[in-house]
Every structure is written in structure tokens, then in C-alpha cells.
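Data first, discussion second: the structure below is written as C-alpha cells.
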Amino acid sequence: MKKLIRFIFKILFWFVVSSFLVVLIYKYIPVYITPLMVIRSFENSEHNMPKAWEHDWVSMDQISSSMQKAVICSEDQNFLKHSGVDFKAVEKAYTANQKGKRIRGGSTISQQTAKNVFLWPARSWLRKGLETYFTVIIELCWSKERILEVYLNSIEMGNGIYGCEAAAQFWFKKTASKLTAYEAAAIAAILPNPRVYKASPASAYIQKRKVWIVKQMNYFGPLRFENNEK
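The opening position of the sequence shown corresponds to residue 0 in numbering that gives the first Met the number 0, with each subsequent residue numbered one higher.
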């Protein structure tokens, strides 16, 4: 029994050490590949679809402020205020789901970043627990600006399209730095289901969401990070 306890303790110890090490490494270097990209590639292979994906890492200064604000306003308006988990958003999501309304989540940009970069997409208590664990680590080790930069470069923004640079090229034939407010809002509007929704041409539903996101962007004002260090 003692040997088993020591073995488990060693596994947990090295897991914590290695996870902190990876997070610290990604604080400084680009994230060129994520588990989701690999998983989607295998899924496409099973369905005789192209396995390749489009992904071009760009630094934050190459991403328009409109794109930055669009995802914050559509996905996590308290991003600059919370410490990784927005408990008010979780409570609202739980209440909405209990009332039988459209199922919605309460995941923050930090949580989505942790999931996209370090974990797998399937829902389970194990994955949710690890997501919370990695969320705490990246909030401790990365600035808000770095979290948003990694998020904008790793999020799925179309079928086989990852990151805002590839999305801008795919949907609007321009770089992420040139996206207008409405174009950025269109990309942000499809994030709940990017493999089904289209940023261009936009459906009536996406058009409605796009207009709402732009209004929120106007209310949000200038984007100021709490900590500009990366």
C-alpha cells in the first residue's frame, strides 16, 4: 500500500511539474499545434475529408483591436476582471439551462484557452477538472494579453480553420490586422459552432449576432489590459 501511495504521489508530482513547465514555455513561444487540430484531422480522415488544417500564428500587434474586442464582447465580457472562472456567468448558464432555454455554457476565454491548448474537446468531469487546473496555472503564469493572444491564435474559426489570421484569410481574404469591426464580429459570431456557421456570407442568425456584438464593442470602449507583460 505504501509503495502504491508513493507511486501515485510521484505521478502527481511530475504531472504538476511538467504542466507548469509547458505553461511557462508557452508563455514565450507560439503554440503551433493543439490537441484539437490533431483530433479534428483524424475525424476528417475517418469521413474521407481533407486532413490538413489552416493555421498561421501572428503576434498581438498583428491582430486588429476590433478582433480582440469582438471575442471578448461575444464570449467573455468580464475577461479583464475575473481570475479565470466567471462564477456569475456559470450561475446564469445554469439557471438558463434549468429553465429549458437554449443550452449555454459559462466558460471564460481563459478556460477555453486551457481546453484548446492542453486538452481534448469531449465533455467529461475529468476534462472539466483538468480545464480548471490549467486555467488556474495560465492565469498565474500568463498576462491577460498573452491569454487572449494564444486564444485568438488557437480557437477553431471554421472547418479546419484555426486562429484569427487563417480565419481572416479564409472568410474575408485579408490579414487579421485589417479586419473591420463588422468582419471581426462576424468571425466572433460563429464561435459557438464554427464548423456549422459561416462568417461570410452570413445567415440571418449570424447577421443578428454580428450586429449585437458590434453594439457591445461600442459600449466596451478602448481595450486596456491589466498587465501588458508577456
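Virtual Cβ for every residue (Gly too), placed ideally from N, Cα, C.
Note that the coordinates shown come from a computational prediction; the quantities given were computed from them, not determined experimentally.
Runs of the beta strand (DSSP E) lying entirely within the stretch 144-218 and spanning at least 3 residues, in chain order: 155-157.
Non-local C-beta neighbours of D55 in its own chain, meaning closer than 8 Å and more than five positions away in sequence, comprise G162, E164, A165, Q168, ordered along the chain. Within the stretch 9-52, the alpha helix (DSSP H) runs of at least 4 residues that lie entirely inside it are, in chain order, 34-45.
Under the Cβ criterion (8 Å, minimum of three pairs), the stretch 59-73 counts as touching the stretch 171-179. Linking E138 to F41 through their CA atoms gives a straight-line distance of about 31 Å.
Ranking R5, Q61, T33 by CA distance to the CA of E148 puts Q61 first. Within 10 angstroms of the beta-carbon of F19 lie fewer than 16 other beta-carbons, which makes it exposed.
For the 8 Å CB-CB criterion, N115 and T33 form a contact. Counting C-beta atoms within 10 angstroms of its own C-beta, K209 has 16 or more neighbours from the protein chains shown and is therefore classed as buried. For V213, the CB contacts under 7 Å within the same chain, skipping 5 residues up- and downstream, are A180, Y181, A184 in chain order. Burial state of W52 is buried, judged by a 10 Å Cβ sphere holding 16 or more other Cβ atoms. If you draw a straight line from the Cα of S199 to the Cα of R5, it is about 56 Å long. Bridge partners of H54 according to DSSP: Y161. Residue environment for F78: buried (at least 16 other C-beta atoms within 10 angstroms of its C-beta). Boundaries of the alpha helix (DSSP H) harbouring I108: 108-117, taken from the DSSP string. Excluding sequence positions up to five before and after P29, its CB lies within less than 8 Å of the CB of W56, N152, all in the same chain and listed in chain order. Here the alpha carbons of F12 and A188 stand approximately 41 Å from one another. A check of alpha carbon separations from I24 across Q76, F117, L125, A201 identifies F117 as the nearest.
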